[in-house]
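Going by this note's numbering, the first residue of the sequence shown is number 7, and it counts up by one from there.
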Amino acid sequence: MSAPFDLVIRGGTVGTASDVFSADVGIRDGRIVQIGEALGAGAREIDATGRYVLPGGIDSHVHLAQPSGENIVMADDFESGTRSALFGGNTTVLPFCLQQKGQSLREALTVYHALADGRCYTDVSFHLIVSDPSPSVLGQELPALVADGYTSFKVFMTYEDLRLNDAEILDTMDVARRTGALVMVHCENEDAIRYLIGRHEVAGDVAPRAHATTRPVAAEREATHRALSLAEIVDVPVVIVHVSNGAAAEEIARARSRGRPIVGETCPQYLMLTAADLEGMDWEGAKFVCSPPPRDAAEQQACWRGIETGIFDLFSSDHCPFRYDDPAGKLNPKGRQSFRHIPNGIPGVETRLPILFSEGVMKGRIDLPRFVALTATNHAKVYGLERKGRIAVGMDADIAIWDPAERRTIRHADLHDGADYSPYEGIEVQGWPTTVVLGGQVMVEADRLVASTPAGRYRSRSLSALARR
Ligand code: DUC
Ligand code: ZN
Ligand code: ZN
Numbered sequence: 007m008s009a010p011f012d013l014v015i016r017g018g019t020v021g022t023a024s025d026v027f028s029a030d031v032g033i034r035d036g037r038i039v040q041i042g043e044a045l046g047a048g049a050r051e052i053d054a055t056g057r058y059v060l061p062g063g064i065d066s067h068v069h070l071a072q073p074s075g076e077n078i079v080m081a082d083d084f085e086s087g088t089r090s091a092l093f094g095g096n097t098t099v100l101p102f103c104l105q106q107k108g109q110s111l112r113e114a115l116t117v118y119h120a121l122a123d124g125r126c127y128t129d130v131s132f133h134l135i136v137s138d139p140s141p142s143v144l145g146q147e148l149p150a151l152v153a154d155g156y157t158s159f160k161v162f163m164t165y166e167d168l169r170l171n172d173a174e175i176l177d178t179m180d181v182a183r184r185t186g187a188l189v190m191v192h193c194e195n196e197d198a199i200r201y202l203i204g205r206h207e208v209a210g211d212v213a214p215r216a217h218a219t220t221r222p223v224a225a226e227r228e229a230t231h232r233a234l235s236l237a238e239i240v241d242v243p244v245v246i247v248h249v250s251n252g253a254a255a256e257e258i259a260r261a262r263s264r265g266r267p268i269v270g271e272t273c274p275q276y277l278m279l280t281a282a283d284l285e286g287m288d289w290e291g292a293k294f295v296c297s298p299p300p301r302d303a304a305e306q307q308a309c310w311r312g313i314e315t316g317i318f319d320l321f322s323s324d325h326c327p328f329r330y331d332d333p334a335g336k337l338n339p340k341g342r343q344s345f346r347h348i349p350n351g352i353p354g355v356e357t358r359l360p361i362l363f364s365e366g367v368m369k370g371r372i373d374l375p376r377f378v379a380l381t382a383t384n385h386a387k388v389y390g391l392e393r394k395g396r397i398a399v400g401m402d403a404d405i406a407i408w409d410p411a412e413r414r415t416i417r418h419a420d421l422h423d424g425a426d427y428s429p430y431e432g433i434e435v436q437g438w439p440t441t442v443v444l445g446g447q448v449m450v451e452a453d454r455l456v457a458s459t460p461a462g463r464y465r466s467r468s469l470s471a472l473a474r475r
């Protein structure tokens with residue numbers, strides 16, 4: 007008689023967003039089919055004694071193969087980026103599909119699907135970036151794409167070539183109101199930033215550290231307040247992405263106290279880095295240039311409070327990798343002249359989970375269920391991934407098995423992304439996802455990629471649980 011399960015993960019401690027308990031997990035045809043004690047045999051078995059059996063991470067904010075300016079090349083394509091994500095305990099990532107000005111969203115998606123199909127080591131789904139909200143995009147394309155399972159889109163309040171004005175943001179939010187899609191907003195006031203960049207350049211203050219001083223907390227706080235107000239006026243839920251400081255977090259808390267459905271997201275860089283990191287000698291600070299920029303120790307503590315108290319629902323990497331020592335990366339010829347030409351973004355998809363596990367769970371700031379919620383379950387709920395983010399019968403068998411005793415020092419040499427550095431180099435962590443299972447297939451085992459092919463698939467999404475309220 008054949009074994010009742012394709013795979014049994016036996017004897018581990020299962021963690022969900024609500025509970026922690028000892029159980030075996032039985033998997034068949036890529037799904038979790040039974041959870042309990044002393045399950046029957048599996049064609050394959052993993053002994054998880056002493057380890058945590060958690061939902062595979064869902065990183066709902068990554069950038070892969072995204073066009074990033076003339077002669078600038080992102081360090082990760084879908085193959086290297088998803089491989090790195092997988093080694094970091096993730097089984098699903100949500101990269102952005104960027105609409106270039108004048109381009110249709112369908113054209114942009116055709117390009118991204120061609121880049122991703124057959125090359126991914128995790129499952130993937132796309133958010134759209136709306137940079138050109140023309141009448142046809144808002145009237146026809148976007149509603150049709152929402153119906154096709156592209157149920158979230160991002161708008162920018164900064165970057166000359168991406169920003170939407172308030173009228174355009176209102177019109178784009180109105181598509182969300184009509185379709186049930188979810189809007190994500192990058193909140194920084196572009197005009198204030200332009201003004202400060204001008205002042206710095208006149209003063210000859212062009213080193214990487216000026217990136218932080220030209221994008222102050224006030225520029226993020228004001229834009230966050232405005233985005234929340236616009237969402238309130240249209241009456242739609244909204245995701246405030248990559249929140250870097252306490253004042254912006256307070257805006258979220260205040261909007262919630264008015265009954266607004268708001269999702270808050272923060273990222274490892276706002277817990278682990280500060281603006282002082284941008285002061286490295288010989289342009290090394292370029293390694294930490296991302297937007298919003300890292301702040302100071304007090305803002306790090308404010309972000310931790312947001313994680314501990316529930317202001318933040320999502321902990322994402324905002325993986326946006328560029329090589330440092332590369333003319334197509336951080337040290338491009340113009341970037342060596344002025345901070346404003348240093349591409350914005352840092353790598354982090356592989357280190358997101360170990361950092362939060364070590365700094366959060368192992369140091370007693372959050373418990374294991376909160377870790378699971380922040381890194382997997384909430385992402386699935388917010389972005390409409392109905393069969394993901396939970397260890398429960400019927401769910402996709404996307405599982406990361408963690409060794410909580412494993413101590414590592416983060417070294418880029420041990421990571422798998424396409425960049426040439428990690429902003430977290432030298433940080434010591436305890437706990438690592440040593441085995442990763444995607445759809446019932448063991449992909450990573452004992453630090454080795456054991457999958458012979460990139461088995462990740464594109465996943466269409468339902469409407470957000472928030473929009474369906
Ligand atoms: N916004 C992001 O979401 N990622 C990287 C850069 C940026 O501005
Ligand atoms: Zn952004
Ligand atoms: Zn981002």
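Glycine included, each C-beta is placed from N, C-alpha and C at the ideal position.
Collapsing the DSSP output to three states places residue 444 in a strand. For residue 101, the enclosing beta strand (DSSP E) stretches over residues 96 to 104. For residue 63, the uninterrupted beta strand (DSSP E) segment begins and ends at 63 to 68.
Excluding sequence positions up to five before and after residue 356, its CB lies within less than 7 Å of the CB of 90, 91, 93, 94, 421, 422 and 423, all in the same chain and listed in chain order. Looking from the CA of residue 397, the closest CA among 121, 375 and 10 belongs to 375. In this structure, the alpha-carbon of residue 53 lies about 37 Å from that of residue 155.
According to DSSP, residue pairing for residue 58 in a beta bridge involves 19 and 408.
For ligand 2, no non-hydrogen atom lies closer than 7 Å to the CB of residue 325.
For residue 270, the uninterrupted beta strand (DSSP E) segment begins and ends at 268 to 272. Under the three-state reduction of DSSP output, residue 280 falls in the coil class, being neither helix nor strand. Counting only residues of its own chain and dropping the five nearest sequence neighbours on each side, residue 147 has a CB closer than 8 Å to the CB of 110, 111 and 112.
Cα atoms of residue 296 and residue 43: separation of roughly 47 Å, rounded to the nearest angstrom. Non-local beta-carbon contacts of residue 349 in its own chain, meaning distances under 6 Å to residues more than five positions away in sequence, involve 74, 78 and 328 in chain order. The C-alpha of residue 273 lies about 39 Å from the C-alpha of residue 49.
One thing to note: residue 122 has its Cβ no nearer than 8 Å to the Cβ of residue 159. Under the three-state reduction of DSSP output, residue 464 falls in the strand class. With a cutoff of 8 Å on beta-carbon distance, residue 323 and residue 67 are scored as near each other.
Annotation for residue 27: the continuous beta strand (DSSP E) segment containing it runs 26 to 34. Looking at the DSSP output, residue 42 sits in a beta bridge with 30. The Cβ atoms of residue 393 and residue 131 do not sit closer than 8 Å to each other. In this structure residue 88 is in contact with residue 127, their Cβ atoms being roughly 4 Å apart against a cut-off of 8 Å.
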